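Q: The following block contains the structure, expressed as structure tokens.
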Amino acid sequence: QISIFHITFYIDIDDSGVTVLNNGANSTEKLLLERSSLTSNGTVLNNPSGKETKCYIPDDPLFPLCSIKIKEFNKTWDQKCHGEKYKVDPTSLCSVIQYLSEVQAWCPVLPWRQDKNPYNVETEWQKATVQTNLSALLEKFKGDRYYWMTKRIQGIWPQWLEAFEELGSRVNLHGRRRKKILVYMAGMGEHKFFLDGAFMGGPLGELAQWCDLISALYILGHELVISFMKEEVPRFLVVPTSDGCARQKMDDEVDLIFTDIMGVLIISVHSGQDYSRHKCVISRQKRVEVLCTDDGLTCFSFYRCKFRVLDSFGTDAEFNYKRYKGEIPGGRSPWGDLDLHLAQFMTMYPHSPDNSFLGFAVPRKSRGNVVHSNDRMAALVYGKDPEFWKGHADYIDTVKRYFNEVHATLGRASEKQREFGVPEYVINHGIINITSLVNLLQTSKVFVGLGQPFEGPAALEALANGCFFLNPKYIPPLDRTNAGFFAGKPLNRKITSQNPYAEVFVGEPFVQTVNIKNLTEVEEALREIISTKEEPHLPYEFTHVGMLERVNAYVENQDFCKPTNWPPLSELRTLVGGEGESCIATCLRKQLICEPKFFVSLDVEEAFKSSGFECKSTFFHESILAPSINTTDSICVLQTQPMLFSCRAALPGVVRICPCRSYRKEQAALCETC
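When you line the sequence shown up against full-length UniProt numbering, it's residues 1 to 674, in that order.
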């Protein structure tokens with residue numbers, strides 16, 4: 001190894017991640033001056049104007065790992081690649097930054113070398129135009145394993161066509177660039193039961209979301225490359241050169257990569273390993289450890305900003321940032337440590353504004369074909385796995401007293417159904433396709449939750465088709481410390497019911513959230529359902545046009561490779577939270593939503609002054625609470641790691657300064673001016 005150079009940070013990222021800035025110091029100026037290399041040589045570089053230019057460690061939220069990569073460069077030094085091929089001068093901060101910004105993509109390109117910026121390359125592009133030829137899309141799914149997916153796409157394709165026409169009537173869809181998008185469903189390919197068990201009671205929520213995403217991207221006119229198998233990845237992406245060094249030119253023309261967490265790990269291996277530790281669950285019986293090194297020689301850094309990671313339940317900041325040293329209830333997660341921007345994680349429901357809400361589209365018949373809910377006297381039980389029914393016989397019997405028929409869509413043999421206590425009077429239709437499910441929902445009055453599966457799409461499918469939802473309440477709420485299902489997940493929230501979104505954003509009378517062990521409470525809810533004359537309502541964000549609008553907005557405006565003014569900074573509304581309150585709650589009190597992109601604008605000392613706080617001293621710290629003030633000692637905290645900005649975080653005794661914005665009714669992912 002070669003000892004490279006000594007860099008002193010005014011904000012020193014040591015083991016504790018903390019240093020103190022006393023009141024009265026000019027933090028902006030000192031930060032700029034002190035973040036330079038202090039070696040005797042290599043600190044200056046001639047720029048094209050002929051002037052000597054001093055290099056500083058860039059402070060750019062788009063490149064949150066830049067300072068770490070510079071600080072650790074000596075650990076990854078490779079004489080062949082760094083020294084001989086790319087002529088990196090290990091004593092020059094400027095030279096190292098050039099390598100980490102032009103050959104790798106860990107740092108922003110130096111201001112006078114923007115012609116070398118790999119993300120600013122001008123290429124010819126085609127306009128995106130609507131694609132209505134469904135057969136061309138279905139041809140991308142070869143084999144019987146994908147039958148469930150093709151049936152869903154085909155069955156609701158007319159609704160996507162209607163959605164595009166409706167969206168086009170109020171949003172300008174002309175002049176968009178046709179993008180090349182890799183859709184890599186690694187989890188579906190590695191976990192065989194997702195596809196093979198689709199008609200036997202396997203989990204369908206993730207499959208449905210993938211189908212809807214693919215349909216939306218396709219009809220919007222983008223070029224899709226669809227893959228399930230890791231063996232295909234090298235065909236689509238640039239891999240290191242034959243000498244093992246990173247490529248300076250990326251010529252695969254991939255604009256975006258929609259994948260899952262397993263896909264990120266597999267791509268990191270195939271494009272050159274860049275993660276230091278990960279254990280990936282390949283199957284329920286077999287664990288395969290992905291051994292990774294951080295060698296700084298890979299092509300992976302160029303793909304990081306292109307990832308859009310489908311992550312049903314979401315990822316919180318403290319799990320995402322690999323170097324986070326704070327305590328985490330239940331410990332770290334095997335699915336965390338990806339070091340991505342939190343907004344690159346795309347969720348099934350809008351759990352937190354820290355992540356991007358992708359969602360799914362809920363199929364329904366045209367209104368003319370819907371049976372009025374007052375004419376229905378059947379119940380449909382939500383639970384295709386007989387195990388979900390165990391211990392709920394009294395609950396189902398109570399439902400049966402109020403309805404003529406109780407229906408189900410159970411998989412597995414009838415012996416298994418009886419073993420888990422499925423009553424004999426239940427009319428079972430087996431595992432059915434989406435068209436048959438819609439028909440069944442439209443002849444049922446109530447959709448009866450059993451407590452599992454967690455946060456699936458079926459509750460909203462019921463509401464969309466005029467069916468009320470009996471939503472089991474969790475007492476106490478579930479989290480990663482008391483529920484095995486959530487134990488390994490990279491999230492810290494508490495789940496209050498089988499479908500918290502329906503509980504909060506739809507609510508009574510259409511969603512009755514009850515303790516299903518309290519049969520008196522269940523009966524009261526059933527009586528209210530029967531007596532309600534109004535029709536259940538599906539929120540716009542889960543309609544086909546709502547999802548299409550959202551996906552188009554993300555594809556056109558979200559950019560983690562270069563700066564973008566989306567959402568526009570003019571949307572920023574600064575609010576001071578209550579003691580121990582999260583920024584999510586603070587913004588919602590004013591009918592606003594927390595916007596994590598704006599945290600960086602508030603992460604300055606002036607924000608405390610303008611909010612009426614006097615800081616006894618100011619800490620720069622890797623903190624999920626920054627910017628904030630401790631009410632007991634008036635110590636203020638500013639952020640040193642942008643990946644840790646969190647709308648969700650809260651702690652007793654801490655008051656947060658929160659970035660809020662407007663949101664559209666039933667389309668919270670988009671602001672009013674977006």
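Where a beta carbon is used, it is the ideal one built from N, C-alpha and C, also for glycine.
Here the structure is a predicted model, which means the values were calculated and not measured.
(1) What's the C-alpha gap between Gly-653 and Asp-316?
(2) Mind the definition here: the stretch 305-316 touches the stretch 345-356 only if three or more C-beta pairs lie below 8 Å; say whether that holds.
(3) At 4 residues or longer, and completely inside the stretch 196-224: list those alpha helix (DSSP H) runs for me, N to C.
(4) Using DSSP bridges, identify the partner residues of Pro-472.
(5) Ordered along the chain, which non-local residues of its own chain (more than five positions away) have a Cβ less than 6 Å from that of Gln-452?
(6) Mind listing, in chain order, the continuous alpha helix (DSSP H) runs of no fewer than 4 residues lying wholly within the stretch 381-406?
(7) Who are the Cβ neighbours of Asn-26 in its own chain at under 7 Å, not counting the five residues just before and after it?
(8) Alpha carbons only, please: which of Cys-658, Ala-361, Ser-610 is nearest the one belonging to Pro-627?
(9) Residues bridged to Ser-227 by DSSP?
(10) Going straight from the alpha carbon of Lys-71 to that of Arg-661, what length do you get?
(11) Let me know if Met-229 comes out buried or exposed under the rule of 16 or more other beta-carbons within 10 Å of its beta-carbon.
(12) Please identify the residue among Ala-650, Met-643, Gly-484 whose C-alpha is closest to the C-alpha of His-341.
(13) Is it true that the stretch 427-442 meets the stretch 515-524, where meeting means three or more beta-carbon pairs spaced less than 8 Å apart?
(14) Once the 5 residues before and after Gln-159 are set aside, which same chain residues still bring their CB inside 6 Å of it?
(15) Where DSSP assigns a beta bridge to Val-637, which residues make up the other side?
(16) Within 10 angstroms of the Cβ of Thr-481, are there 16 or more other Cβ atoms? Answer buried if so, exposed if not.
(17) Please go through the same chain and pick out, in chain order, the residues whose beta-carbon is closer than 7 Å to the beta-carbon of Leu-33, but skip the five residues on each side of it.
(18) Which residues mark the beginning and the end of the alpha helix (DSSP H) in which Val-309 is found?
(19) Kindly give me the distance between the Cβ atoms of Gly-421 and Lys-390, rounded to whole angstroms, as I take these residues to be in contact under 8 Å.
(20) If you run the structure through DSSP and keep just helix, strand and coil, what is Asp-339?
(21) When DSSP labels each residue in this structure, what does Ser-92 get in the three-state scheme?
(22) With DSSP as the reference, label Arg-664 as helix, strand or coil.
(23) Where does the unbroken alpha helix (DSSP H) through Arg-304 begin, and where does it stop?
(24) Would you report the Cα separation of Arg-287 and Gly-612, rounded to the nearest angstrom?
(25) Given that a residue counts as buried once 16 or more other Cβ atoms are within 10 Å of its Cβ, and exposed if not, what is Asp-385?
(26) Quick check on the burial criterion: 16 or more other C-beta atoms within 10 angstroms. Buried or exposed for Tyr-395?
(27) Decide yes or no for the touch test of the stretch 94-101 against the stretch 54-68: beta carbon pairs closer than 8 Å, at least 3 of them.
(28) Applying the 10 Å Cβ sphere with the 16-neighbour rule, what's the burial state of Trp-125?
A: Considering the structure as presented:
(1) Residue mapping note: residue 653 aligns to position 653 of the sequence shown, counting from 1. Residue mapping note: residue 316 aligns to position 316 of the sequence shown, counting from 1. Looking at the two C-alpha atoms, the distance is approximately 21 Å.
(2) yes
(3) 205-219
(4) Looking up residue 472 in the sequence shown gives position 472. Paired residue(s): Val-514.
(5) By 1-based counting over the sequence shown, the position of residue 452 is 452. Here the set comprises Phe-388.
(6) 393-402
(7) Translated into the one-based positions of the sequence shown, residue 26 becomes position 26. Reliability fails at Asn-26, whose pLDDT of 33 lies under 50, so the model's placement of it is uncertain and the value that follows must be treated cautiously. Within the same chain, Asn-26 has no close Cβ partners at all.
(8) Here residue 627 is taken as the residue at index 627 of the sequence shown, counted from 1. With distances taken between Cα atoms, Pro-627 lies closest to Cys-658.
(9) Position 227 of the sequence shown, counting from 1, holds the residue named residue 227. According to DSSP, which records beta bridges pairwise, Ser-227 is partnered with Tyr-184.
(10) As a working mapping, residue 71 is identified with position 71 in the sequence shown. As a working mapping, residue 661 is identified with position 661 in the sequence shown. When rounded, the distance between both Cα atoms is 36 Å.
(11) Walking along the sequence shown from the start, residue 229 turns up at place 229. So Met-229 ends up on the exposed side.
(12) Indexing the sequence shown from 1 puts residue 341 at position 341. If we check each option's Cα against that of His-341, Met-643 comes out closest.
(13) No contact exists between the stretch 427-442 and the stretch 515-524.
(14) Walking along the sequence shown from the start, residue 159 turns up at place 159. Counting only Cβ-Cβ distances below 6 Å, and skipping sequence neighbours, we find His-544.
(15) What you label residue 637 is simply residue 637 of the sequence shown in a count that begins at 1. Phe-619, Ser-628, per the DSSP bridge assignment.
(16) Counting from 1 along the sequence shown, the entry for residue 481 is found at position 481. Per the 10 Å Cβ criterion, exposed.
(17) The residue labelled residue 33 in the question sits at position 33 within the sequence shown. With a pLDDT of 26 at Leu-33, under the threshold of 50, the modelled position of this residue cannot be trusted; read the value that follows with caution. Cβ neighbours of Leu-33 beyond the five flanking positions: none.
(18) Reading the sequence shown from its first residue, position 309 is the one you call residue 309. Here Val-309 belongs to no alpha helix (DSSP H); instead the beta strand (DSSP E) covers 307-310.
(19) Here residue 421 refers to the residue found at position 421 of the sequence shown. Here residue 390 refers to the residue found at position 390 of the sequence shown. Contact between Gly-421 and Lys-390 holds: their C-beta atoms lie close to 6 Å from each other, under 8 Å.
(20) Translated into the one-based positions of the sequence shown, residue 339 becomes position 339. Of the three classes helix, strand and coil, the one that applies to Asp-339 here is coil, per DSSP.
(21) For the purposes of this step, residue 92 is taken as the residue at position 92 of the sequence shown. Here Ser-92 sits in coil by DSSP.
(22) What you label residue 664 is simply residue 664 of the sequence shown in a count that begins at 1. DSSP, read as helix, strand or coil, puts Arg-664 in strand.
(23) Taking the sequence shown and counting its residues from 1, one reaches residue 304 at position 304. From DSSP, the alpha helix (DSSP H) with Arg-304 extends over 300-304.
(24) The sequence position of residue 287 within the sequence shown is 287, counting from 1. The sequence position of residue 612 within the sequence shown is 612, counting from 1. Because the pLDDT at Arg-287 is just 35, under 50, the model does not fix this residue reliably, and the value given afterwards should be weighed accordingly. Each residue's Cα considered, the two are about 53 Å apart.
(25) Position 385 of the sequence shown holds residue 385. Answer is buried; the Cβ neighbour count reaches 16.
(26) In the sequence shown, residue 395 corresponds to position 395, counting from 1. Tyr-395 counts as buried, since at least 16 other C-beta atoms from the protein chains shown sit within 10 angstroms of its C-beta.
(27) Short answer: they touch.
(28) Position 125 of the sequence shown, counting from 1, holds the residue named residue 125. By the 10 Å Cβ count, Trp-125 comes out exposed.
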